[in-house]
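Engineer:
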Amino acid sequence: MVVRPSPDRRPTRANGCLLPRASAPAAHRSHERRPRVPAGGSRLPVEAIRRLPVPIQRRAIRYLFSVEGYEAGAAQTEAVRRLVVSDKTSGSVDLAGPLSARLEYGFLVVSRAPSPAGSATPVELAVPGETDLPPWGARARTWISAEHPASLPDGIRECVVDADRVAFPLRVRRWRSGDRFRPLGMSRQKKVGDFFTDQKVSRTLRGEVPMVVDGDGSICWVVGHRIDDRVKVSARTTRFLWIEFEGE
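In our numbering, the protein residues as written are 5 to 252.
1) Classify Glu134: buried if its beta carbon has 16 or more other beta carbons within 10 angstroms, exposed otherwise.
2) Give the DSSP-derived three-state secondary structure of Leu245 in the structure shown.
3) Thinking C-alpha only, which one of Arg47, Val170, Gly45 and Ile160 is nearest Gln203?
4) So, helix, strand or coil for Arg25, using DSSP?
5) Do the region 197 to 213 and the region 156 to 176 touch if we need at least three Cβ pairs shorter than 8 angstroms?
6) Can you have a look at Thr241 and say buried or exposed, based on whether 16 or more other CB atoms are within 10 angstroms of its CB?
7) Report yes or no: do three or more beta-carbon pairs, one from the region 225 to 238 and one from the region 161 to 168, lie closer than 8 angstroms?
8) If you draw a straight line from the C-alpha of Phe244 to the C-alpha of Asp98, how long is it?
9) Which word fits Ala105, buried or exposed, when buried means at least 16 other C-beta atoms lie within 10 angstroms of its C-beta?
10) Taking C-beta to C-beta, are Glu251 and Gly141 nearer than 7 angstroms?
11) So Glu63 and Leu112 are supposed to be a Cβ contact under 8 angstroms. How far apart are they, rounded?
12) In the DSSP assignment, what residue or residues form a beta bridge with Ser104?
13) Go ahead and pull the three-state DSSP assignment for Ile160.
14) Buried or exposed: Pro214, going by 16 or more other Cβ atoms within 10 Å of its Cβ?
15) Here's the rule: buried if 16 or more other CB atoms are within 10 angstroms of the residue's CB, otherwise exposed. What is Asp198?
16) In this structure, how does DSSP classify Ala76 when only helix, strand and coil are distinguished?
17) Can the beta-carbon of Arg230 be found less than 7 angstroms from the beta-carbon of Pro187?
18) With distance defined between alpha-carbon atoms, name the residue in Met190, Gln61, Val196 and Asp168 nearest to Arg180.
19) Can you find the residues in the same chain that come closer than 6 angstroms, C-beta to C-beta, to Asp136, ignoring five residues on each side of it along the sequence?
20) Are Val127 and Phe69 close, meaning C-beta to C-beta below 7 angstroms?
21) What is the residue span of the beta strand (DSSP E) that Arg186 lies within?
22) Would you list the residues sitting across from Ala167 in a DSSP beta bridge?
23) Compare the Cα-Cα distances from Tyr74 to each of Asp91, Val226, Val84 and Arg116 and report the closest residue.
24) Using the rule of at least 16 other Cβ atoms within 10 Å of the residue's Cβ for burial, across every protein chain shown, is Ala76 buried or exposed?
25) I'd like to know whether the C-beta atoms of Thr81 and Ile65 end up nearer to each other than 7 angstroms.
26) Work out the CA separation of Ala83 and Leu107 for me, nearest whole Å.
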């Protein structure tokens, strides 16, 4: 089965989910039962799709493909629909081309196929300065300040750490199986894979998460999630290292 590029279409959103207009009411009714899922791709709640008439199920599936910029053929659409209406809670459909369709955490997710974990060469960060990060379609900006921040960032797109607790140079790489760190606020180390499970980050997206590591190879920041507790700022911090990610 081959996916074909589709003309851009404006997505319709209902409670944060991308939907064809005809199926929006069903998604609205299931809003309170939705689990938290990681960002990435376009998704619809499986329960909402299952309650729709078959023609609207197909329309909803085709819509997810169109949001990602591709047109699904009849065979693709039906293969995905059969996965959705099955009793499975996980699984995927083998699609030729750049897209994948899978069940994750109660959602049907259509997204571009992620890169394998660890496949990108680590990129050294300029400190201070800006660094392009092609594997992630992003740019990192860093600077060091002597001024104590009025408030601390949430660690999603931006973080601040104690510069004197970091071994330079800093690098950005993908997650590797076996990685460990001590999430901010925790007293002991945790496998990053287990942390991802707790955060409901799907296995197919874990390889896309950037890791900022220092010169010793220790993780300083799981970008989009949390810094390591050992590099957090404190009352004794005199140099504040800011790291900001911009892009997708």
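Here a beta-carbon is modelled for each residue, glycine too, at the ideal position from N, C-alpha and C.
Structural biologist: With the structure as the only source:
1) Here residue 134 refers to the residue found at position 130 when the sequence shown is read from its first residue. By the 10 Å Cβ count, Glu134 comes out exposed.
2) In the sequence shown, residue 245 corresponds to position 241, counting from 1. The answer is strand: DSSP assigns Leu245 an E or B state.
3) Here residue 203 refers to the residue found at position 199 of the sequence shown. For the residues Arg47, Val170, Gly45 and Ile160, the minimum Cα distance to Gln203 belongs to Ile160.
4) Residue numbering aside, residue 25 sits at position 21 when the sequence shown is read from its first letter. Per-residue confidence for Arg25 stands at a pLDDT of 38, beneath the threshold of 50, marking its modelled position as unreliable; the derived number appears in the next sentence. Of the three classes helix, strand and coil, the one that applies to Arg25 here is helix, per DSSP.
5) no
6) As a working mapping, residue 241 is identified with position 237 in the sequence shown. Burial call: buried.
7) yes
8) Sequence index remark: in the sequence shown, residue 244 carries index 240 (1-based). Sequence index remark: in the sequence shown, residue 98 carries index 94 (1-based). Rounded to the nearest angstrom, the two C-alpha atoms are 47 angstroms apart.
9) Indexing the sequence shown from 1 puts residue 105 at position 101. Label assigned to Ala105: buried.
10) One-based indexing of the sequence shown puts residue 251 at position 247. One-based indexing of the sequence shown puts residue 141 at position 137. One detail in the question is off: residue 251 reads as Gly in this sequence, not Glu. In contact: Gly251 and Gly141 (Cβ atoms closer than 7 angstroms).
11) Counting from 1 along the sequence shown, the entry for residue 63 is found at position 59. Counting from 1 along the sequence shown, the entry for residue 112 is found at position 108. Checking the sequence shown, residue 63 turns out to be Arg, not Glu. The pair is not a contact, with the Cβ atoms about 13 angstroms apart (cut-off 8 angstroms).
12) As a first step, residue 104 is located in the sequence shown; it is residue number 100 there, counting from the start. Its beta-bridge partners are Ser115.
13) As a first step, residue 160 must be located in the sequence shown, where it is residue number 156. Here Ile160 sits in coil by DSSP.
14) Start at 1 with the first residue of the sequence shown, and residue 214 comes out as number 210. Pro214 should be labelled buried.
15) For this step, residue 198 is matched to residue 194 along the sequence shown. Classification for Asp198: exposed.
16) Within the sequence shown, the letter at position 72 stands for residue 76. If DSSP states are grouped into helix, strand and coil, Ala76 belongs with coil.
17) Stepping through the sequence shown from its first residue, residue 230 is reached at position 226. Stepping through the sequence shown from its first residue, residue 187 is reached at position 183. Cβ distance < 7 angstroms, so Arg230 and Pro187 count as in contact.
18) Reading the sequence shown from its first residue, position 176 is the one you call residue 180. Taking only the C-alpha atoms, the option nearest Arg180 is Val196.
19) Within the sequence shown, the letter at position 132 stands for residue 136. Result list for Asp136: Arg143, in chain order.
20) The residue given as residue 127 occupies position 123 in the sequence shown. The residue given as residue 69 occupies position 65 in the sequence shown. No, the pair does not count as a contact, with Cβ atoms beyond the cut-off.
21) Locating residue 186 in the sequence shown gives position 182, where the first residue counts as 1. Careful: Arg186 lies outside any beta strand (DSSP E) and carries neither H nor E.
22) By 1-based counting over the sequence shown, the position of residue 167 is 163. Answer is none; Ala167 lacks a bridge partner.
23) Here the question's residue 74 lines up with position 70 in the sequence shown. Of Asp91, Val226, Val84 and Arg116, the residue nearest in Cα terms is Arg116.
24) As a first step, residue 76 is located in the sequence shown; it is residue number 72 there, counting from the start. Result: buried.
25) On the sequence shown, position 77 is the one that residue 81 refers to. On the sequence shown, position 61 is the one that residue 65 refers to. In contact: Thr81 and Ile65 (Cβ atoms closer than 7 angstroms).
26) Position 103 of the sequence shown, counted from the start, is the residue given in the question as residue 107. Position 79 of the sequence shown, counted from the start, is the residue given in the question as residue 83. In a straight line, the C-alpha of Leu107 is about 13 angstroms away from that of Ala83.
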